[in-house]
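Asker: Just so you know, the protein sequences line up as chains R and G, in that order.
Each residue of the first sequence is one higher than the one before, counting from 203 in the numbering used here.
Each residue of the second sequence is one higher than the one before, counting from 24 in the numbering used here.
Using N, Cα and C, we set each Cβ at its ideal position, and we do this for glycine too.
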Amino acid sequence: MTTVITGTGAVVEEPRPAGEDGPGAAGWFDPAAHLGRRGWKYFGPPTRYLLAAGNTALGRRHDEPPLTGGPAERLGVVTGTQYAIADVHRRMDDTLTTTGVGGIGPAEVPAFSMNTPGSQLAISTGARAFSVTLTNPVTGGLEAVQFAVSALRAGRADRVVVAATDRAPTGEDGREEREEYDAAAALVLRGHPAPGSSRPAGALTGITGGVSRFVPRRADGARDPAALAAAGRRIAALVAGAGDVPLVVSGPAAAAGFGHAVLEAVTASLREAGGSVRDPAGAVREARHCAVSGLLELIALARTEATGVVVSVSGSGHLTAVALGDPTRS
Amino acid sequence: MTVVVTGLGAVSCFGSGTAALWEGLLRAERRPVPAPETCGLPTRPPLYAAPDPVLPSPAPGTPGGEPVGRTGALLATAVTEAVGDAGLTAGELLDAGLTVGTSLGDIDLAETPGATDRYPATHRVTAGLAGRFGIGGPGHTLSTACSAGAYAVGWGAELIGTGQADIVVACGGDAFSRVAIGTLQRFGLVDPECCRPFDVDRAGMVTGEGAAAVVLESAGSARRRGARPRAALAGHGWSCDAHHPMAPEPSGEQLSRSVARALEGTGEVPGAVVLHRAGVAGNDAVEAEAVGRAVAAVGGTAADVAGYAPKAVMGHTAGAAGVFGCVIATLILLHGVVPPNAHVTTPDPGCPLGIPLGGPAPLTRPSVLVSGTGFGGNNAALAWRAVG
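(1) Please tell me whether Y383 (chain R) has its Cβ less than 8 Å away from any Cβ of chain G.
(2) Is the number of C-beta pairs between the segment 90-98 of chain G and the segment 109-118 of chain G that are closer than 8 Å three or more?
(3) Please go through the same chain and pick out, in chain order, the residues whose beta-carbon is closer than 6 Å to the beta-carbon of H520 (chain R), but skip the five residues on each side of it.
(4) Could you list the residues in the segment 251-267 of chain G with a C-beta less than 8 Å from some C-beta on chain R, going in chain order?
(5) Starting from the beta carbon of S414 (chain R), find every residue of chain G whose beta carbon is closer than 7 Å, and list them in chain order.
(6) With distances taken from CA atoms, which of R:V279, R:G307, R:T281 and R:G282 is nearest H291 (chain R)?
(7) Just list the residues that DSSP pairs S352 (chain R) with in beta bridges.
(8) Within 10 angstroms of the Cβ of V390 (chain R), are there 16 or more other Cβ atoms? Answer buried if so, exposed if not.
(9) Quick check on the DSSP output: the alpha helix (DSSP H) that includes Y174 (chain G) runs from which residue to which?
(10) Nearest by alpha-carbon distance to G456 (chain R): which of R:A235, R:S518, R:D368 and R:F332 is it?
(11) Under 8 Å Cβ-Cβ, which residues of chain G neighbour H491 (chain R)?
(12) Can you give, in chain order, each stretch of the alpha helix (DSSP H) that sits fully within the segment 319-377 of chain G and has at least 4 residues?
(13) Do V538 (chain R) and T167 (chain G) have their C-beta atoms closer together than 8 Å?
(14) From A508 (chain R) to G445 (chain R), what distance separates their C-alpha atoms?
(15) Tell me, to the nearest whole angstrom, how far the beta carbon of T122 (chain G) is from that of G32 (chain G); I am working on the premise that it is less than 8 Å.
(16) Is it a yes or a no for the segment 160-174 of chain G touching the segment 341-357 of chain G, going by three-plus beta-carbon pairs under 8 Å?
(17) Consult DSSP for V410 (chain G) and reduce its assignment to one of helix, strand or coil.
(18) Would you mind sorting S126 (chain G) into buried or exposed? The rule is 16 or more other CB atoms within 10 Å of its CB.
(19) Short of 6 Å in beta carbon distance, which residues of its chain neighbour L465 (chain R), apart from the five on each side in sequence? Order them along the chain.
(20) If you pair each beta-carbon of the segment 293-308 of chain G with each one of the segment 392-401 of chain G, do three or more pairs fall below 8 Å?
(21) Starting from V417 (chain R), find everything on chain G with Cβ-Cβ shorter than 8 Å and list it in chain order.
(22) Tell me the DSSP bridge mates of E240 (chain G)?
(23) Quick one: Cα of V237 (chain G) to Cα of G179 (chain G), how far?
(24) Considering only the beta carbon of each residue, do G159 (chain G) and L212 (chain G) sit closer than 8 Å?
(25) Output the boundary residues of the alpha helix (DSSP H) element that contains R514 (chain R).
(26) Along the alpha helix (DSSP H) that carries V290 (chain R), what are the first and last residues, could you check?
(27) Can you give the Cα-Cα distance for L237 (chain R) and T258 (chain R), rounded to whole angstroms?
(28) By a C-beta neighbour count over all protein chains shown, 10 Å radius and 16 as the cutoff for buried, is D224 (chain G) buried or exposed?
(29) By the criterion of Cβ-Cβ separation under 7 Å, what are the contact partners of M24 (chain G) in chain R?
(30) What's the call for P86 (chain G), buried or exposed, on a 16-neighbour Cβ count within 10 Å?
(31) Note down, one range per segment and in chain order, each alpha helix (DSSP H) of at least 4 residues found wholly within the segment 40-90 of chain G.
(32) Would you mind working out which of R:E215, R:S514 and R:G282 sits nearest A388 (chain R), comparing C-alpha positions?
(33) Between which two residues does the beta strand (DSSP E) harbouring T8 (chain G) extend?
(34) Please go through the same chain and pick out, in chain order, the residues whose beta-carbon is closer than 6 Å to the beta-carbon of L354 (chain G), but skip the five residues on each side of it.
(35) Any C-beta of chain G within less than 8 Å: which residues of the segment 266-285 of chain R qualify?
(36) When you compare the CB positions of V524 (chain R) and V347 (chain R), do they come within less than 8 Å of one another, or not?
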């Protein structure tokens, strides 16, 4: 069974030139514009972002009642995030070590759990099939896509909201010299009945599969070439020797070298299988939105292409690839 | 496709090793100790503390690399045992998957007292393990709060069932967190004495530290490797309450649905259930009723199923709890007995399940259920069956 993307949504803090960051930069997101005047005050920024992106992807208003009954039990949520608790955790820890336990306010308690943004999205929409949060740095967003595709194929849901949200840590010294920015993104996936049947109105292309690998370092610190080649083959297999495949690889600036190595490994494997990458000399795109980055790249590609592969790599050695494919074709 | 367990690993308040875990569960005596003086809280809360972990060996290729926190070190201890128990070679690990359940990851790195050296990237534990052991397949970190371990095992089985891996090391770990315990204290959720899940006077949870691991693989892979299966996964179910960020849905309808899906795979009434039950009265009641209903739906009687709550003697290990549940379920199947529930003066009269007390009880049927719940109403259940 293949899947089809029936909706997307994103809220993104755009990187600013040096010197324009600071506390005022938090004003890029207006919660009331997305979530109405009430109901979000006690939600942390990652939760607010996620609700905004998730509602847009589902095409629902923020004040619509959650699903109930059978439709609720067939809707799932998967969320990628790496920093959902970082800011609030630091604030709560400061409170505990200065004021003591009495200084902890009830409203902020849920925000210390990594799953809270995803759980609030599940509560808001009535998603009762499952709500799972994946927390690997950088790759968590695309891992959520892989998870959702597997869950749909296993019959654990009929629709899944695949999402990612992050609030880049402010650090101890404020938000100067930032390399990471805030964002949330979401897409809605559902199973597509069969090749040949028409695509739902307004739907984008489909997701045909995903793969995650880890490329360990050897004792000399270099990435294991055998593991890298194996990852390239697995990713190339997602598109089965297709030609002119749009390939997008993104990773943090510090992982650019690893990203290039992955790009080359995929290109080589695809060539061996008789296929080709559209731009084999393409650059590795800088991932500046933490675990949301890969999902943003996927949504951008899905809006312009029916097929392609998006790969997200982390400095730790994780990589996740997701393949787009037209669900109406066999 | 049948998924089997071929390796087990654990480190807990009983020390390192599944043998120490099983012995401690059978003794049913362990009580918590005060959290370390350096915990930074005005009153030292009770804690089922794990021994200070010693990293088994330096990770290859990481001199001066990312720091390893207490949870990462505990996980490395448990995974070392499980990988050795399963007899996995470096070549097999290079294509194996790794699923890690953790609530707060290496949170100690973010709770250091200095204002300038706190490390916000707390959830790198999977990368640390994958690098250390050379595990090159899919490596995912699942943080569904206290059911994270149950989801890590379930997702590991799903990776095998969908052909994305033949072998998956599924593990879970969490260590002391000032913020987690301080928050629980703030709202009166910590029992100041010990964890007493089946006692009518229970007064809350007590946290514990630890990590547990299972090596999952397809039955075919185990056969090819000559590995000995210890238990088979008969089914697993997921659901979400979609009700409240911290409290379970009172009817337990969704939890019962996940248990029912897990039991569909067995087609039989389990002999025992390793409960999530942590000593929080409302949550305990919802879980027991939900399990009881699912048992009734497959033709059983709740009172004939032995309910077991290991948190009484090892505390609530958060993201590790579900994996500990699976390790304990496997040990119950291997030994044919259910350890006695500890710290029970007056048994909870509202619990519909059987409550083994005083000594090990015979396992009357060869399957064991594991139940996991967490903040956000994240439910998961797994049904294990004896093999051989």
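Answerer: Taking the coordinates as given:
(1) Y383 (chain R) is outside the set of residues whose beta carbon lies under 8 Å from a beta carbon in chain G.
(2) no
(3) N338, T341 and F416
(4) W261, S262, C263, D264, A265, H266 and H267
(5) P161, G162 and H163
(6) Considering only alpha carbons, the answer is R:G307.
(7) None; S352 (chain R) has no bridge partner.
(8) Buried.
(9) Per DSSP, the unbroken alpha helix (DSSP H) holding Y174 (chain G) starts and ends at A171 to G184.
(10) The sequence shown places Ala at residue 456 (chain R), not Gly. Answer by Cα proximity: R:S518.
(11) None at all; the shortest Cβ gap to chain G is about 15 Å.
(12) List check, alpha helix (DSSP H) in window: 334-337 and 344-358.
(13) There is simply no residue 538 (chain R) to check, as chain R begins at 203 and stops at 532 in what is shown.
(14) 13 Å
(15) That pair is no contact at about 14 Å.
(16) yes
(17) coil
(18) buried
(19) V451
(20) yes
(21) G159
(22) G:V27 and G:I190
(23) 10 Å
(24) no
(25) Before going on, a small fix: residue 514 (chain R) reads as Ser here, not Arg. No alpha helix (DSSP H) contains S514 (chain R), which is instead part of the beta strand (DSSP E) from G510 to V515.
(26) From DSSP, the alpha helix (DSSP H) with V290 (chain R) extends over A288 to T300.
(27) For L237 (chain R) and T258 (chain R), the distance between alpha carbons rounds to 11 Å.
(28) exposed
(29) The contacting residues do not exist; M24 (chain G) stays about 11 Å from chain R at best.
(30) Model confidence at P86 (chain G) stands at a pLDDT of 47, short of 50, so the residue's coordinates are unreliable; what they give is reported in the following sentence. Label assigned to P86 (chain G): exposed.
(31) Runs of the alpha helix (DSSP H) inside the segment 40-90 of chain G: 41-50.
(32) R:G282
(33) What the structure shows of chain G is the stretch from 24 to 411, and residue 8 (chain G) is not part of that stretch, so it cannot be assessed.
(34) W45
(35) Answer set for the segment 266-285 of chain R: P268, A274, E275, G278, V279, Q284 and Y285.
(36) yes
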